[in-house]
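**Q** Questions regarding the structure given below will be posed in turn.
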Amino acid sequence: MVYYHLPGLFEFYELYRAFLPLYRSHREYFYDWCEIGSIYGAPQECMWGGGRVGFGDASPREVAALMDEYGISARLTFSNSLLEEKHLSDKKCNKLLDLFERDGAVKNGIIIHSDLLLNYIKERNPAYYFVSSTTKVLTDFYQFVDELNRDDFKFVVPDFRLNKEFDKLDSLTEAQKNKVEFLCNECCWYDCFDRKRCYENVSRKNLDEDCEDHICVAPESMRCYRFSDAMENPGFIGIEDIQNIYVKKGFSHFKIEGRSLGSAIILEFLLYYMTRPEYQLKVREEIYLDSSLDLF
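As structure tokens, this is what we get:
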């Protein structure tokens, strides 16, 4: 079984509120070899947030209730890399910790960068599991292995440029492979040398620091995200790759990025990665014809 970890816990709540009932009631529309492993994200003005500057304005209580209703693991994206001791007392983030903590069959998780925050949450809210964030930019394979060997993490998301390092990936043990969560659809320039500074700039903004926007070094930096461009990325993982290569090698967890994109693009990800081709139009129509959604 393949598990997808989907973007937009708070950012695309309305989309998932329409999609999840369809996913449950018409499971035949979707591939039987995949499931939703989690939905991840952070609300707007979230100090501990990282990766993206959050814009999710959905009610946390409504979000938590929706995830509970469908038995889906909610992951709080607390991947700010620049946290200090003084930031741990943030009331909003601590309330989120209390609200989403679950100790049942389906546990909720934290996507995390800072070891300071990791240790704080482990002691304060021990029911969570932890995911080592791709914002660490783990491009060195042996550093990635060290991260996999840490007991702190249930999953580790490597930098997307390790996605096709099959000779090295084949050397992992079964236990290590079970912890790998590949980022499938990254559109970032494959040769980017400034990715970590980009993430640090996001962290500064989430801390409400007065800082200039990061200037992207990619040759086509002014071009917005396009799924077709992501498919041309050397690190792209498509459904044929998942079925014919990764599953056979013992990998089963795949992360779909897109928290900063629009609902219409997220829907295209759900169609491509999860929906049988003969039912994609039906799913698209069901979602597009929902008058409560603003997909653009």
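Under numbering that gives the first Met the number 0, think of the first position of the sequence shown as 0, with each following residue one higher. Glycine is no exception: its CB is placed at the ideal position from the N, C-alpha and C atoms.
Whole angstroms is fine: what's the gap from Arg123's alpha carbon to Ile265's?
**A** The residue labelled residue 123 in the question sits at position 124 within the sequence shown. The residue labelled residue 265 in the question sits at position 266 within the sequence shown. About 34 Å.
**Q** Below 8 Å, how does it come out for the segment 102 to 110 and the segment 65 to 78: are there three or more Cβ pairs, yes or no?
**A** Using a Cβ-Cβ distance cut-off of 8 Å, the segment 102 to 110 and the segment 65 to 78 are in contact, since at least three pairs of beta carbons, one from each stretch, lie closer than that value.
**Q** Assuming the contact rule is C-beta atoms closer than 8 Å, Leu137 and Phe143 should be a hit. Round their C-beta distance to whole Å, please.
**A** For this step, residue 137 is matched to residue 138 along the sequence shown. For this step, residue 143 is matched to residue 144 along the sequence shown. With a Cβ gap of about 4 Å, Leu137 and Phe143 count as contacting.
**Q** Measuring only the C-alpha atoms, how far is Tyr21 from Met0?
**A** The residue given as residue 21 occupies position 22 in the sequence shown. The residue given as residue 0 occupies position 1 in the sequence shown. The identity of residue 21 in the sequence shown is Leu, whereas the question assumes Tyr. Cα-Cα distance, rounded: 20 Å.
**Q** Within 8 Å, do at least three Cβ pairs link the segment 170 to 185 to the segment 232 to 242?
**A** yes
**Q** Less than 8 Å between the beta carbons of Leu115 and Glu84, yes or no?
**A** Reading the sequence shown from its first residue, position 116 is the one you call residue 115. Reading the sequence shown from its first residue, position 85 is the one you call residue 84. Yes; because the gap between Cβ atoms is below 8 Å, this pair is in contact.
**Q** Given Asn162, which residues of its chain have a CB within under 7 Å of its CB, disregarding the five upstream and five downstream residues?
**A** Position 163 of the sequence shown, counted from the first residue, corresponds to residue 162. Excluding sequence neighbours, Asn162 sits near Phe181, Gly234, Ile236.
**Q** Quick one: what does DSSP say Ala73 is sitting in, helix, strand or coil?
**A** Counting from 1 along the sequence shown, the entry for residue 73 is found at position 74. In this structure, Ala73 counts as strand in the three-state DSSP scheme.
**Q** Determine the burial state of His25: buried for a count of at least 16 other Cβ atoms within 10 Å of its Cβ, exposed for fewer.
**A** Residue 25 sits at position 26 when you count from the first residue of the sequence shown. The residue in question, His25, is exposed, as its Cβ has fewer than 16 Cβ neighbours within 10 Å.
**Q** Expressed to the nearest angstrom, what Euclidean distance is found between the alpha-carbon atoms of Leu5 and Glu173?
**A** Numbered from its first residue, the sequence shown carries residue 5 at position 6. Numbered from its first residue, the sequence shown carries residue 173 at position 174. Spanning the two alpha carbons is a distance of roughly 24 Å.
**Q** In chain order, what residues of the same chain have a beta carbon less than 8 Å from the beta carbon of Glu100, not counting five sequence neighbours either side?
**A** Sequence index remark: in the sequence shown, residue 100 carries index 101 (1-based). Excluding sequence neighbours, Glu100 sits near Asn107, Asn124, Ala126, Tyr127.
**Q** Could you tell me which of Tyr2, Glu13, Tyr12, Phe18 sits nearest to Lys281, measuring between CA atoms?
**A** Within the sequence shown, the letter at position 282 stands for residue 281. Minimum Cα-Cα distance from Lys281 among the listed residues Tyr2, Glu13, Tyr12, Phe18 corresponds to Phe18.
**Q** So what's Ser132 in DSSP terms, helix, strand or just coil?
**A** Working through the sequence shown from its first residue, we reach residue 132 at position 133. In the structure shown, Ser132 sits in coil (DSSP, three-state: anything other than H, G, I, E or B).
**Q** I'd like to know if Leu96 contacts chain B, where contact means its C-beta is closer than 8 Å to some C-beta of that chain.
**A** Protein chains in the displayed structure number just one, and chain B is not present.
**Q** Going by the CB atoms, is the gap between Glu27 and Arg258 shorter than 8 Å?
**A** Translated into the one-based positions of the sequence shown, residue 258 becomes position 259. Translated into the one-based positions of the sequence shown, residue 27 becomes position 28. Not in contact: Arg258 and Glu27 (Cβ atoms no closer than 8 Å).
**Q** Give the straight-line distance between the Cα atoms of Asn200 and Gly40, rounded to the nearest whole angstrom.
**A** Residue numbering aside, residue 200 sits at position 201 when the sequence shown is read from its first letter. Residue numbering aside, residue 40 sits at position 41 when the sequence shown is read from its first letter. Cα-Cα distance, rounded: 18 Å.
**Q** Taking only the alpha-carbon atoms, compute the straight-line gap between Trp47 and Pro276 and give it to the nearest angstrom.
**A** In the sequence shown, residue 47 corresponds to position 48, counting from 1. In the sequence shown, residue 276 corresponds to position 277, counting from 1. Approximately 39 Å between the Cα atoms of the pair.
**Q** Just reading off the alpha helix (DSSP H) that Lys195 is part of, what are its end residues?
**A** Mapped onto the sequence shown, residue 195 falls at position 196. Where Lys195 is concerned, the enclosing alpha helix (DSSP H) stretches over 194 to 205.
**Q** DSSP puts Pro42 in a beta bridge; with which residues?
**A** By 1-based counting over the sequence shown, the position of residue 42 is 43. Pro42 pairs with Gly55.
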